[in-house]
Amino acid sequence: MMTDWNAMSDADFRKEVRGFFEAEYPEELRNLPHRPKFAEIAHWHRKLHAKGWVAPAWPAEYGGMGLNAAKLLIFYEEQQRWGVNRGRDMGVQMVGPLIIKFGTQEQKDYWLPRILSCEDIWCQGYSEPGAGSDLANLRTRAEIDGDDFVINGQKIWTTMAHDATHIFMLVRTDPDAPKKQQGISFLLAPMDQSGVEVRTITTLSGETEFCEVFFDNARTPRENLVGELNKGWTMAKALLSFERIFIGSPSLAQNALGQLESFARGRGAFDDPVFRDRFAQAALDVEDHAALYARFADQLKRGETLGADVSMLKIWVTECFQRITELMIEAAGPDGGTIGPLQVGNVGVDVLSSFYKARPGTIYGGSNEIQRNILSKAVLGLPG
Amino acid sequence: MLRESARTLFERAGGSGRSRKLRDSGGGWDADMIHELAEAGVFGVTVPEENGGLGMGLAAGGVIAEEVGRVIAPEPVVVTVGLSLGLLRRLCPDHAKLEQLVGGETVLAVAWQERGPNGGPAEASCRYADGKLTGGKAWVVGASGAQGFLVVAQGDAGPVLVLAQAGADGLSVEARRQADGSAMGELSFSGTPAERLASGDTVQDALADAVSDTTALAAAELVGLSARAFEITLEYIKTREQFDKPIGSFQVIQHRAVDLNVMCEVAQSGVREALGLMDGEADPKVRARLASRAKARAVTAAKKITRDAIQLHGAVGYTDEFDIGLYLNRALVLSAWLGDDAYHRRLWFMAREAEGAA
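Residue numbers (this note's numbering), protein chains in the order written: chain A, 1 to 384; chain B, 385 to 742.
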């Protein structure tokens, strides 16, 4: 019989999750500074899979933990607290919920177990060179040819595509639709074929986690269409509900603040009253953000749906995270441009890597400017 | 419940329009309003039920303070709940003045700070001996309308809390006019008769805790003020047209409005959380740190919101005719009182360091 996690008290559940992570999570994988390829974390994934904890948010009938919003937040909080890597979770976070919500029984039976076991590893094909903030402008075409869709076009910023077996993508299936949001469909496609080419993009920090994916008459069977043809846009929007609070969670900023504090202390930066004040500002920004986050989390726990106002969490915390890492660079003084860990006492703090890590947050998941557009219209009711 | 009744009471009385009228007629408060507030239980919100109060916590006091801030009401609600009753309920809960304060029959100002030779705060040197006060006190809120003064002074054997009547012999009150039309009192005593209410270290402890409460309540008042200032501004940018469009349709205005809104919400959540935590905390040092967190956040938000509100109103924001200026002026006064954001970030940091070292 499956455990009914939701019936547990929050405190008991937290203890259970914390206990498992602390006992079983491999020490060498804690707080990984980069996104790992699957091979690097496969041994951890096997443990998680055996425990039945790969998909905390999925309903139990599909092999998930069936956690409600409150328990889910606790799970993620504990995951972040212990520095547990999220693994290659695009399948669990995005494809699974999509198939569970809009897929056929055949699609569920076939794909869901393969996501849980990581037999298939997924990447997300949304953005294109001409479709970033204006995602509905995407141009990658998929045309029906016999039993297949034939795909032509290009995706970009595809995280870890070079380590994925499959891609779930938004494609244009009706170029003549009157509005560009119409005529978009959700397709699943295998990466291992001659019509798909992946090139890595080197980022500012020298990492290669983002990719470009080129489709030149790539093919995928027609049964890999998820949901109705030309209804992909609405479905993609429906998937965003929970991510919107997750993306505004305080943990990244909290962790960075802890790092800043020990680094600044070790470097004697607190002797400077100006630095002290800026640290206090940043620390209070994090504390008060956490209070706002708790307000939205309580809404979820009461079973309410979050409104568009949840976007303010993302704006505040990503900008705050950046300020914290900028203070780390400042505290590093002349070492502020040095690659790799800087010694403070007997620990090394990689200030540049933290600085870089904080940059994309204000760009991805709907740039903060897009979030401000959303808030101004949907929450403040401003015209135009 | 508490919020709705406080809001209704203030709105029925005329909202911010009433506050403007009181300012224009000399800057006092409305005695009838004091009675109405007392009837609603406002002053006794944190006073135990056995002493005639509602027996609720600081968080409930914060709810009321937010409503006071929304209509920039000049009545000394935060001063009474936080300071005068904060001292009396801790030091002499059975004194008749407590019941009178709760019942709105009297208003007492609290004189506890002193000005040093260079104008800044100084250690207390105001003396109390043989039933008489000598020396001076500064930054006394509500000094012009109060029926009496609770004065913290140095007695023969440590600090004392005494009560001096308004108009007592040897008491002079200099009213310093504030940006919002209120008066801040500078008191000087020369042999002023006063009744001793309490003495010893408990006075200093009660004062410190009452100041923490008041600081946090002032933060809540600023949160309510900021929220309303933002609403007024939002309404204005939706209706003011230039280039044949509402100015709120321009993206640069929209993004600024969003930033102010986010600032408001963060301040509201942070301050409410701090007040709630203070209710469950007994350690006065931790309570002081939480109060500093609240005031630092509230002042940062209120300064930004009221100043940007003037900018978004354009030239009319600079006139006295539009209400938004009243909010800026009240924010200036509330920010300076009991310490601004930079001051409280300093206290907060020091408290955190001390806790970490302990």
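Note that CB positions come from ideal geometry on N, CA and C, so glycine has one too.
Cβ-based burial, residue i [other Cβ within 10 Å; buried from 16]
i              : result
F627 (chain B) : exposed
E507 (chain B) : exposed
P458 (chain B) : buried
I418 (chain B) : buried
G740 (chain B) : exposed
R454 (chain B) : buried
E304 (chain A) : exposed
V655 (chain B) : buried
H697 (chain B) : buried
I637 (chain B) : buried
A164 (chain A) : buried
P129 (chain A) : exposed
T684 (chain B) : buried
D192 (chain A) : exposed
D416 (chain B) : exposed
K15 (chain A)  : exposed
Residue i in three-state terms, based on DSSP
i              : result
T690 (chain B) : helix
V452 (chain B) : helix
Q588 (chain B) : helix
V557 (chain B) : strand
C476 (chain B) : coil
P360 (chain A) : helix
G539 (chain B) : strand
A522 (chain B) : strand
C118 (chain A) : coil
P630 (chain B) : strand
Q259 (chain A) : helix
P273 (chain A) : helix
Y358 (chain B) : The question about residue 358 (chain B) has no answer, for chain B in this structure spans 385 to 742.
Rounded straight-line distance, which links the Cα of residue j to that of residue i
i              : j              : result
R172 (chain A) : T203 (chain A) : 28 Å
S633 (chain B) : L606 (chain B) : 28 Å
G441 (chain B) : P668 (chain B) : 15 Å
F246 (chain A) : R624 (chain B) : 37 Å
F533 (chain B) : Q281 (chain A) : 37 Å
V452 (chain B) : V461 (chain B) : 8 Å
D216 (chain A) : C123 (chain A) : 18 Å
K71 (chain A)  : A493 (chain B) : 50 Å
E207 (chain A) : G701 (chain B) : 50 Å
F292 (chain A) : S653 (chain B) : Reading off the sequence, residue 292 (chain A) comes out as Leu, not Phe. If I take the Cα positions, the gap works out to 5 Å.
G526 (chain B) : G412 (chain B) : 8 Å
M65 (chain A)  : Q79 (chain A)  : 15 Å
E579 (chain B) : V544 (chain B) : 10 Å
E40 (chain A)  : A253 (chain A) : 26 Å
Q182 (chain A) : A142 (chain A) : 14 Å
L661 (chain B) : P178 (chain A) : 55 Å
A686 (chain B) : L659 (chain B) : 18 Å
V213 (chain A) : G366 (chain A) : 21 Å
R219 (chain A) : I201 (chain A) : 24 Å
I631 (chain B) : V535 (chain B) : 52 Å
D10 (chain A)  : W58 (chain A)  : 19 Å
Nearest neighbour of residue i, chosen from the options [CA to CA]
i              : options                        : result
Y356 (chain A) : A:Q371, A:E28, A:T325          : A:T325
G146 (chain A) : A:L67, A:G132, A:R222          : A:R222
G266 (chain A) : A:A332, A:R46, A:L72, A:L32    : A:A332
V642 (chain B) : A:C320, A:S376, A:A269, A:A264 : A:S376
N368 (chain A) : A:G63, A:I329, A:K314          : A:K314
R677 (chain B) : B:I456, B:V650, B:I689         : B:V650
L135 (chain A) : A:A291, A:H162, A:T234, A:D288 : A:T234
D707 (chain B) : B:S389, B:C648, B:T392, B:R402 : B:R402
L48 (chain A)  : A:F20, A:A69, A:N68            : A:F20
E27 (chain A)  : A:G63, A:I74, A:N85, A:A7      : A:N85
K679 (chain B) : B:D724, B:L710, B:H479         : B:D724
L380 (chain A) : A:V347, A:V310, A:N31          : A:V310
E243 (chain A) : A:G227, A:M328, A:P97, A:G153  : A:P97
Output, in sequence order along the chain, the residues in the segment 704-730 of chain B whose CB is closer than 8 Å to any CB in chain A.
A726, R729, R730
Quick one, which residues of the segment 671-688 of chain B are near chain A if we go by CB-CB under 7 Å, in chain order?
R677, A680, R681
Please list, in chain order, the residues of the segment 286-305 of chain A that have any C-beta partner in chain B closer than 8 Å.
E287, D288, H289, A291, L292, A294, R295
Name the residues in the segment 316-327 of chain A whose C-beta lies less than 7 Å from a C-beta of chain B; which are they?
W316
Near-chain A residues of the segment 603-633 of chain B - C-beta to any C-beta below 8 Å
L618, I621, K622, K629, P630, G632, S633
Residues of the segment 649-663 of chain B with Cβ closer than 9 Å to any Cβ of chain A, in chain order:
E649, V650, A651, Q652, S653, G654, V655, R656, E657, A658
Within 9 Å of chain B by C-beta, residues of the segment 240-273 of chain A in sequence order:
F270, P273
Can you list, in chain order, the residues of the segment 463-487 of chain B whose Cβ is nearer than 8 Å to any Cβ on chain A?
none
Residues of the segment 132-151 of chain A whose Cβ lies closer than 7 Å to any Cβ of chain B, in chain order
none
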